[in-house]
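Be aware that the sequence shown starts at 211, since it is given in my numbering, and climbs by one per residue.
C-beta: ideal position from N, C-alpha, C; glycine also.
Encoded as structure tokens, the structure appears first; notes follow it.
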Amino acid sequence: MTCRTSSLNWLDVLYNSVRKTPGGVADAAAYLADRRGKSMHPETLRAKLRGLEGESLTIEHAELLTEWMQEKAGGCEYALEWMQALAGQFGMAVDAVPPPPEGGWSDEIGAIQTKLLEITSRVGRLSGTALEAMLDRRIDSDEAELMVSEVRALRTMAHRLERNVARAAAKGRARK
Numbered sequence: 211m212t213c214r215t216s217s218l219n220w221l222d223v224l225y226n227s228v229r230k231t232p233g234g235v236a237d238a239a240a241y242l243a244d245r246r247g248k249s250m251h252p253e254t255l256r257a258k259l260r261g262l263e264g265e266s267l268t269i270e271h272a273e274l275l276t277e278w279m280q281e282k283a284g285g286c287e288y289a290l291e292w293m294q295a296l297a298g299q300f301g302m303a304v305d306a307v308p309p310p311p312e313g314g315w316s317d318e319i320g321a322i323q324t325k326l327l328e329i330t331s332r333v334g335r336l337s338g339t340a341l342e343a344m345l346d347r348r349i350d351s352d353e354a355e356l357m358v359s360e361v362r363a364l365r366t367m368a369h370r371l372e373r374n375v376a377r378a379a380a381k382g383r384a385r386k
């Protein structure tokens, strides 16, 4: 039987992230056992990640699972998504912002222009996705996942734009 999960529920996001990480739940359980010095059967971890009755996942487990995913190939791309979902459940937002290039951009103004165009493009994608999703006056979990993904990408790009603007302003002050 297939278990329906939501991209807006932090535990569902963490469970799906662990499952798509190389080695999956079995490897994650072995990692937790090694790090904590206590054995954990893969099915026990699966029950905790699914939030089955009587089972819960501690923040310590979530942190260790995040570290484990970040160590695995491709895991850095999605290891922190559960934190975004958790923050969203409480009306907050968190974003992973990639580091700037060493020393910034040689042409900060060009970087700002590029980011503004990227933001405009993403707003268009978000609008298109939202319009398609709302045609039936409902938003299902797959549609919500697409929309949330675009919103998060927009926020990240806005953080990067802010960083470029600050560097461009600092460079402008240095020349005076």
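Note down the Cα distance separating residue i from residue j, rounded to an integer number of angstroms.
{"i": "L336", "j": "E355", "result": "11 angstroms"}
{"i": "T188", "j": "A368", "result": "Residue coverage of the chain in this structure runs from 211 to 386, which leaves residue 188 outside it and unanswerable."}
{"i": "R260", "j": "A380", "result": "48 angstroms"}
{"i": "G301", "j": "E281", "result": "30 angstroms"}
{"i": "R377", "j": "Q294", "result": "27 angstroms"}
{"i": "L242", "j": "A306", "result": "24 angstroms"}
{"i": "C286", "j": "L275", "result": "12 angstroms"}
{"i": "A238", "j": "G247", "result": "14 angstroms"}
{"i": "D270", "j": "G264", "result": "According to the sequence as given, residue 270 is Glu; it is not Asp. Near 18 angstroms, if we compare the C-alpha coordinates of G264 and E270."}
{"i": "L255", "j": "V235", "result": "7 angstroms"}
{"i": "L267", "j": "P252", "result": "13 angstroms"}
{"i": "I319", "j": "Q299", "result": "37 angstroms"}
{"i": "A257", "j": "M357", "result": "29 angstroms"}
{"i": "G382", "j": "K325", "result": "19 angstroms"}
{"i": "R348", "j": "T339", "result": "13 angstroms"}
{"i": "P310", "j": "A240", "result": "35 angstroms"}
{"i": "G233", "j": "D317", "result": "43 angstroms"}
{"i": "L327", "j": "E372", "result": "14 angstroms"}
{"i": "L262", "j": "A283", "result": "29 angstroms"}
{"i": "R389", "j": "P308", "result": "No answer is possible for residue 389: it lies beyond the span of the chain, which begins at 211 and ends at 386."}
Between residue i and residue j, how many whole angstroms is the CB-CB distance? I'm expecting something under 8 angstroms.
{"i": "S216", "j": "S351", "result": "5 angstroms"}
{"i": "N374", "j": "I329", "result": "No, N374 and I329 are not in contact; Cβ-Cβ is about 12 angstroms, not under 8 angstroms."}
{"i": "R365", "j": "A303", "result": "6 angstroms"}
For a quick check, are the C-beta atoms of residue i and residue j less than 8 angstroms apart?
{"i": "W292", "j": "W220", "result": "yes"}
{"i": "A272", "j": "L224", "result": "yes"}
{"i": "Y288", "j": "S359", "result": "no"}
{"i": "A343", "j": "E353", "result": "yes"}
Ignoring anything shorter than 4 residues, give me the alpha helix (DSSP H) runs that lie fully in the region 215-269, in order along the chain. 220-230, 234-246 and 252-260
Ordered list of alpha helix (DSSP H) runs contained in the region 307-374, each at least 4 residues: 318-344
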